[in-house]
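In the working numbering, the protein residues as written are 15 to 305.
Even glycine gets a Cβ: it sits at the ideal position worked out from N, Cα and C.
One structure below.
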Amino acid sequence: MSFTKVVPSKEEYMTTLVKNLIHYRIIRMYEGKLITARKMADPDSLYFETEDGLCREWLNSIYDSYHFYEGFETIESCEQYIRSSHYPDEKYIIICFLNMYYAVVYENTQHQQIIGKDLAYYTKNNLFLVSERPPNNLMMKDRERLPVIPLIYYELAAFDANMQTFHLHKESNQFIECALEEHLEYVVLLGITFKDCWYLCDTPYAIAHNRQILNMYFNDGHGFTVFGKYANAIAINPFQRLLYMPKERVEHYQMDIDNHRAPHRALPYREVRRFHENMRTRPVTFTQNTL
Numbered sequence: 015m016s017f018t019k020v021v022p023s024k025e026e027y028m029t030t031l032v033k034n035l036i037h038y039r040i041i042r043m044y045e046g047k048l049i050t051a052r053k054m055a056d057p058d059s060l061y062f063e064t065e066d067g068l069c070r071e072w073l074n075s076i077y078d079s080y081h082f083y084e085g086f087e088t089i090e091s092c093e094q095y096i097r098s099s100h101y102p103d104e105k106y107i108i109i110c111f112l113n114m115y116y117a118v119v120y121e122n123t124q125h126q127q128i129i130g131k132d133l134a135y136y137t138k139n140n141l142f143l144v145s146e147r148p149p150n151n152l153m154m155k156d157r158e159r160l161p162v163i164p165l166i167y168y169e170l171a172a173f174d175a176n177m178q179t180f181h182l183h184k185e186s187n188q189f190i191e192c193a194l195e196e197h198l199e200y201v202v203l204l205g206i207t208f209k210d211c212w213y214l215c216d217t218p219y220a221i222a223h224n225r226q227i228l229n230m231y232f233n234d235g236h237g238f239t240v241f242g243k244y245a246n247a248i249a250i251n252p253f254q255r256l257l258y259m260p261k262e263r264v265e266h267y268q269m270d271i272d273n274h275r276a277p278h279r280a281l282p283y284r285e286v287r288r289f290h291e292n293m294r295t296r297p298v299t300f301t302q303n304t305l
């Protein structure tokens, strides 16, 4: 099934998105200017324009930051994968998005799986890796499940207002529809695998500019561009956990948000080579909000 048949145009998407974000008070108009519930621009900063300009630039970049991969074509085929996996069935939530079905496991910040038709994401060694299917020997780590910022859920809802979630009903042992609002962290996790946006971190202006946008998506999001600078990267993709390095190299980095002292860590070269095949291979492009 082609996504081009169901994905709204950018104009349609933007109209829906802005209405949703205003309704949920993520953004609002103030004296004719657009501002966010989460403060973006510091008016005393030497580096950027007004919050209104930054907010509009950010909104305009969202549509092009999403790149969808195919899910299972039917809920039965998605459920068939779940039944055949080595992971307990009751740990999965099935998400129907754009008429595709995805199997999602979200135990905590260090144990996550998102499975589509021919592509899967999973966490391992604090990395976010990609392969056709997750390995069977993933280790469970005892970590706290932190609350998520629901912004990516609102962004996905503007693509598909009819998203559904399904969980395993214990008595019938069947997957049945459940309240979407009770599983927002699963939807956000799925959305992160779709979102592919690079933020420059090679100049003081880029660091100051992009850190404000990243604060919309992550607690302490401002730390990403600073980390990228000290890792000698040109740009950082916090959704895919990737660094864009000199000589057009792309490398994974580790992220452990439970480690408050050092939540991000670059990999030594031998580890970079080890995980190179488990990387999102889409060409790196810098969108408007990174320029």
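Judging by CA-CA distance, which residue of the options is the nearest neighbour of residue i?
i: threonine 5; options: Ala193, Asn233 and Arg284; result: Residue 5 lies beyond the range of the chain shown here (15 to 305); nothing can be said about it.
i: aspartate 78; options: Tyr116, Cys211 and Ile129; result: Cys211
i: asparagine 246; options: Pro252, Pro260, Phe253 and Gln254; result: Pro260
i: glutamine 254; options: Val20, Arg296 and Ile96; result: Arg296
i: arginine 288; options: Gln94, Leu141, Glu121 and Ala134; result: Leu141
i: proline 161; options: Trp72, Lys105 and Thr123; result: Thr123
i: leucine 165; options: Leu68, Lys138, Leu204 and Glu146; result: Leu204
i: glutamate 195; options: Tyr44, Ala175 and Asn150; result: Ala175
i: glutamine 226; options: Thr217, Ile89 and Phe238; result: Phe238
i: phenylalanine 189; options: Lys105, Met230, Met114 and Glu25; result: Lys105
i: lysine 24; options: Glu291, Glu169 and Thr64; result: Glu169
i: proline 218; options: Thr88, Tyr267, His197 and Ile248; result: Ile248
According to DSSP, which residues form a beta bridge with residue i?
i: leucine 143; result: Tyr136
i: threonine 179; result: Ile109 and Cys192
i: valine 119; result: Tyr106 and Gln127
i: glutamate 265; result: Leu257
i: alanine 280; result: Tyr267
i: arginine 42; result: Ile49
i: tyrosine 213; result: Ile250
In chain order, what residues of the same chain have a beta carbon less than 7 angstroms from the beta carbon of residue i, not counting five sequence neighbours either side?
i: leucine 60; result: Below a pLDDT of 50, predicted positions are generally treated as unreliable, and leucine 60, at 49, falls in that range; the measurement from the model is reported next regardless. For leucine 60, where only same-chain residues beyond five positions count, there are no Cβ hits under 7 angstroms.
i: cysteine 69; result: Ile41, Leu48, Ile49, Thr50 and Met54
Considering just the uninterrupted stretch of the beta strand (DSSP E) at residue i, what are its terminal residues?
i: asparagine 251; result: 249–251
i: tyrosine 83; result: Segment: none, tyrosine 83 is in no beta strand (DSSP E) and carries neither H nor E.
Using a Cβ-Cβ cutoff of less than 6 angstroms, which residues in the same chain neighbour residue i once the five nearest sequence positions on both sides are dropped?
i: isoleucine 40; result: Ala51
i: glutamine 127; result: Val119, Tyr136 and Pro148
i: glutamate 199; result: Tyr120 and Val162
i: lysine 33; result: none
Along the chain, where does the alpha helix (DSSP H) that runs through residue i open and close?
i: arginine 225; result: 218–228
i: valine 202; result: 198–208
i: threonine 239; result: 237–244
i: methionine 259; result: Segment 256–259 is the beta strand (DSSP E) holding methionine 259; no alpha helix (DSSP H) there.
i: isoleucine 36; result: 24–37
i: phenylalanine 173; result: 165–173
Could you check the C-alpha separation between residue i and residue j for me, to the nearest Å?
i: alanine 172; j: tyrosine 27; result: 6 angstroms
i: phenylalanine 241; j: histidine 183; result: 43 angstroms
i: aspartate 66; j: asparagine 74; result: 12 angstroms
i: asparagine 303; j: isoleucine 250; result: Any reading at asparagine 303 is ruled out, since the residue's pLDDT is 43, under 50, leaving its predicted position unreliable.
i: methionine 15; j: glutamate 93; result: Confidence at methionine 15 is low in this model, with a pLDDT of 47, below 50, so its placement is unreliable and the value that follows should be read with caution. Each residue's alpha carbon lies about 19 angstroms from the other.
i: leucine 48; j: methionine 230; result: 15 angstroms
i: aspartate 216; j: methionine 293; result: 22 angstroms
i: tyrosine 244; j: asparagine 233; result: 20 angstroms
i: leucine 214; j: alanine 276; result: 21 angstroms
i: aspartate 103; j: aspartate 270; result: 26 angstroms
i: valine 264; j: alanine 280; result: 12 angstroms
i: isoleucine 96; j: alanine 117; result: 7 angstroms
i: glycine 85; j: asparagine 150; result: 20 angstroms
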